[in-house]
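Colleague: Using my numbering, the letters of the sequence shown correspond one by one to residues 147 to 464.
Glycine residues also receive a C-beta, built at the ideal position from the N, C-alpha and C atoms.
No experiment lies behind these values; they were computed from the predicted model shown.
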Amino acid sequence: REKINTKLRDPEGFLHLFTKEQLESVFSSSSTFLRAYRLSDEELDKMIWLKKEVFEKNGFSFDPNRFPEVYYDDFDKVNPDDNHWNPDEINPDLLGVYRYETSSNLPCAESYEGHIILFKDRIEAYCNRSGADINSVRFVVLMHELGHWLAHWALKNLRRWNYGMILYPQTRRTHEAFAQLIAYWASESTELHLKTLIDLSPKDATGKVDAAQVYGGYIDLTKYSKVLILKKLVELREYWILKDEIMVEYLKSDFELIEDWAKKKLNDSPGTVFVESTLKDIIFGNEDCADTFIKELDLKMLLDLSILKIELIDIKNL
């Protein structure tokens, strides 16, 4: 800056190649890049634990074998002119974001692996307003967004959860249940972090976490083992086309396999006759739903055709 303002030149550098206006433009454009986040020892230890002791021990892998980039900057740097939020209706995704799609307005490298961005201005505003511990808030928001990355990017059976992530927000309840649950796993051993997570969760009239709300659904999953939950994650990756509420209902069941869960539902209602309208009701669906369903799913694994009394030709006609 001094060299620009005083018009000094550096014959051994590149400054002499530019005019004052060009250099000011360079400095201005570089300021639009996001600031990197410096992980604490606790955060890094917990990230390694989730990756190695939870996911990798349950058969997941990572290629490339690394964590996503993490940034800590103001919301306007990511979404200019869209900084509208209500501090009284708070959740982790108002304080941070996991961005996995290529994006023209994301001021960092494009990657389907994704990035985590913690919103510095919003976190500080929330902490100033609520009196929450800022280190604990950053920890919980980071673990929530890391939960999105783990559910999406971790490999199992050579597959990631690409389709399910692309369909967000139509599958919002399912994704947020996983992200919040993973944040819970990371926080449950520390009283302060667990309190922070609860504070960032919606409450019912009694003051308890409201499982009926998007960011509260995880609370019904905390009773299940990590092994079972991750097996269910693999199932949902296979059957991503199911509607959001159907996936959440399966997640909250005691069944490991979607096939067994679906058969039990049918057995509980022996008079049910599945026709096109009923099948439509459990599928995410759009104009291309039938063709996609045929290509992506083995219907015989999802729902027994002998129980459904429906043929594949009927699905093509949906």
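(1) Mind checking whether Leu346 and Asp279 have CB atoms under 8 Å apart?
(2) With Asp219 as the anchor, note down where its beta strand (DSSP E) starts and where it stops.
(3) Quick check on Gly362: buried or exposed, where buried means 16 or more other Cβ atoms within 10 Å of its Cβ?
(4) Buried or exposed for Tyr258, please, with buried defined as at least 16 other CB atoms from any protein chain shown within 10 angstroms of its CB.
(5) Where do the ends of the beta strand (DSSP E) carrying Leu264 lie?
(6) Closest by CA to Val283, which one among Leu403, Glu189, Asn303, Ser371?
(7) Could you work out which residue in Lys372, Val243, Val394, Leu301 is closest to Glu291 when comparing CA atoms only?
(8) What is the rounded straight-line gap between the Cα of Pro210 and the Cα of Val216?
(9) Can you have a look at Leu465 and say buried or exposed, based on whether 16 or more other CB atoms are within 10 angstroms of its CB?
(10) Straight-line CA distance for Ala408 to Trp195?
(11) Residues bridged to Leu301 by DSSP?
(12) Which same chain residues, not among the five before or five after Trp295, have their C-beta less than 6 Å away from its C-beta?
(13) Report back the beta-carbon spacing between Ala320 and Val394 to the nearest angstrom; my notes put them in contact at under 8 Å.
(14) What does the Cβ neighbour count give for Val286, buried or exposed, with the cut at 16 atoms within 10 Å?
(15) Can you tell me the Cα-Cα spacing of Asp191 and Tyr330, whole angstroms?
(16) Where do the ends of the alpha helix (DSSP H) carrying Val355 lie?
(17) If contacts are defined as beta-carbon pairs under 8 Å, then Gly293 and Phe265 qualify, I think. What distance do you get, rounded to the angstrom?
(18) Have a look at Ala357 and Lys223 and give me their C-alpha separation to the nearest angstrom.
(19) Indicate the three-state DSSP secondary structure (helix, strand or coil) for Arg245 in the structure shown.
(20) If you follow the alpha helix (DSSP H) that Asn234 is part of, which residue opens it and which one closes it?
(21) What's the C-alpha gap between Arg305 and Leu327?
(22) So for Asp228, helix, strand or coil by DSSP?
(23) By the three-class DSSP mapping on this structure, what secondary structure does Ala466 have?
(24) So, for Phe401: in the same chain, excluding its five sequence neighbours on each side, which residues have a beta-carbon less than 8 Å away from its beta-carbon?
(25) Among Lys398, Asn229, Ile236, which has the Cα closest to the Cα of Ile344?
(26) Alpha carbon to alpha carbon, how far is Val355 from Ala182?
Modeller: So, from the data block:
(1) no
(2) 215-219
(3) buried
(4) exposed
(5) 261-265
(6) Glu189
(7) The option with the nearest alpha carbon to Glu291 is Val243.
(8) Each residue's Cα considered, the two are about 16 Å apart.
(9) Since the first residue shown for the chain is 147 and the last is 464, residue 465 is missing from the structure and cannot be characterised.
(10) 34 Å
(11) Ser207
(12) Pro214, Tyr244, Gly260
(13) For clarity, residue 320 is Thr in the given sequence; the question names Ala instead. So it is a contact: roughly 6 Å between Cβ atoms.
(14) It is buried - the Cβ of Val286 has at least 16 other Cβ atoms within 10 Å.
(15) 15 Å
(16) Careful: Val355 lies outside any alpha helix (DSSP H) and carries neither H nor E.
(17) Contact annotation, Gly293 with Phe265: C-beta distance approximately 17 Å; criterion of less than 8 Å not satisfied.
(18) Roughly 33 Å between the two C-alpha positions.
(19) Reduced to three states, the DSSP call for Arg245 is strand.
(20) According to the sequence as given, residue 234 is Asp; it is not Asn. First-last for Asp234: undefined, no H or E at that position.
(21) 22 Å
(22) Coil at Asp228, not helix or strand.
(23) The shown model of the chain, from 147 to 464, leaves out residue 466, and the question about it has no answer.
(24) Trp407, Lys410
(25) Ile236
(26) 33 Å
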